[in-house]
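Asker: The sequence shown begins at 454 in the numbering used here and counts up by one. Sharing a structure with you now.
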Amino acid sequence: MTVYIDDMQRPAQVGRLNAVWSHLMADTDDELHAFAAKLGLRRAWHQKQGTPTSHYDVTEPKRQLALKLGAVPIGYMSRESMDLLRRKREAMRTDDRRKDDRCR
């Protein structure tokens, strides 16, 4: 399992915080939450739980810390990013099929 950090680096104001933002993503939500906790991110900041696009928005200083802690850098909307989304969609479909099989 891997945690990824993209290079979106989009300037935006969130509340009173004016910063440059990127996305922290992982193969699984459990892994994402564990890594986010290491960065000091609140679980309430998690976005799109249970979907292939599950992520945390992170400021540039947190992005740099994530890289130091071992997050894998990927390009925003890059082939690697699209491959991650594809793998997560496939994993979710497989999980759904397993649940359907248990209900029969």
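From the three backbone atoms N, C-alpha and C, an ideal C-beta is built for every residue, glycine too. Given the structure is predicted, the values throughout are model-derived calculations rather than measurements.
Quick one: Cα of Arg540 to Cα of Ser475, how far?
Answerer: Each residue's alpha carbon lies about 21 angstroms from the other.
Asker: How is the alpha helix (DSSP H) around Gln462 delimited, first residue to last?
Answerer: That residue, Gln462, is in no alpha helix (DSSP H); it is neither H nor E in DSSP.
Asker: Could you say which of Leu538, Met530, Lys501, Ala524 lies nearest to Ile458 if we only look at CA atoms?
Answerer: The shortest C-alpha separation from Ile458 is found at Ala524.
Asker: If you draw a straight line from the C-alpha of Asp583 to the C-alpha of Ala465, how long is it?
Answerer: Residue 583 is absent from the model: the chain starts at 454 and stops at 557.
Asker: For the beta strand (DSSP E) containing Ala479, name the first residue and the last one.
Answerer: 470 to 479 is the extent of the beta strand (DSSP E) around Ala479.
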